[in-house]
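Below is one structure, written out as structure tokens; the observations come after it.
In the numbering used here, the protein residues as written are 209 to 515.
Here it is as structure tokens:
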């Protein structure tokens, strides 16, 4: 049973890593007033670009850099539409996701022939001696790939560096709560919103690269399979706060891993039912049944100077 619990914890954390990265960027973006439903598209584009870059260069590191660059391009499109042109953020996000799905599927068929890239250079697990032997937490935290450890570091840095009491965190919250007042106080509202959207694009693309280069060493059509949407829901379930959002991501990861560990745990539950578990919780979170909280007052509200 201990071995099964270790495997469940390790699988849950491994599946939560992309969610942690994407939700870290999404949390900042929403705190600044921009809803990035396009996180899914950013992740999918990053996964494809990472696989294509790694396959073309033979280097996983080049693949990661390619993924981040591609994610920034998608994020720039999102920022121009939602911040500069003040387009509806929900519509633009869904549209970008549809474009990313269609574009990566088509490009994969052109580059890889069958729509999949197999045997892509990637990152293998890098266990940390001694720490990996700690029960439950050891296999979960200390048998990650290099990209997994980078993901932990980036998530922690964003949580600490953009905390609500830091200068940057206060600026983000001020812009998200009342952009007009923040502008009158001298804060560059558009610059802050552009920065958080671009940051979301970079970390979401890194999350996509984690999927393609660390988890499966391959690219397949729709490899993200809705993880980007779960990242948005994790922010809502975490009540727009860092550590509760992290816990929501871990919950989603363990819920996804449970479908593989259920037989060993003696749980005779159908696999399709377990697959839907994270999405059931997502519905509960969005509906407010797991606790209500107030979203940033300026979320999805476009900023127009003088308004």
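Beta carbons are placed, not taken as given, at the ideal position from N, Cα and C, and that holds for glycine.
Residue 447 is not a Cβ neighbour of residue 242, given a cutoff of 8 Å.
In the DSSP assignment, no residue is bridged to residue 320.
Taking all protein chains shown into account, residue 393 has fewer than 16 neighbouring C-beta atoms within 10 Å of its C-beta and is therefore exposed. Residue 416 and residue 371 have their C-alpha atoms roughly 25 Å apart.
Between the segment 403 to 415 and the segment 228 to 240, the count of C-beta pairs closer than 8 Å reaches three or more; the two stretches touch.
In the three-state reduction of the DSSP assignment, residue 350 falls in the coil class, being assigned neither a helical nor a strand state. DSSP, read as helix, strand or coil, puts residue 511 in coil. Rounded to whole angstroms, the Cβ separation of residue 264 and residue 419 is 19 Å, and the two are not in contact under 8 Å. Taking the Cα of residue 364 as reference, the smallest distance to any Cα among 507, 225, 347, 505 is reached at 225. Counting the other Cβ atoms within 10 Å of the Cβ of residue 422 gives 16 or more, which makes it buried.
Looking only at 289, 313, 293, 314, the smallest Cα-Cα distance to residue 303 is reached by 289. In the three-state reduction of the DSSP assignment, residue 331 falls in the coil class.
Annotation for residue 391: the continuous alpha helix (DSSP H) segment containing it runs 387 to 392.
In this structure, the straight-line span from the alpha carbon of residue 443 to that of residue 338 is close to 34 Å. For residue 435, the enclosing alpha helix (DSSP H) has its first and last residue at 435 to 445.
Boundaries of the alpha helix (DSSP H) around residue 256: 247 to 265.
Excluding sequence positions up to five before and after residue 450, its CB lies within less than 6 Å of the CB of 367, all in the same chain and listed in chain order.
The three-state reading of DSSP puts residue 340 in helix, counting H, G and I together. In summary, residue 495 is exposed, with fewer than 16 beta-carbon neighbours lying within 10 Å of its beta-carbon over all protein chains present.
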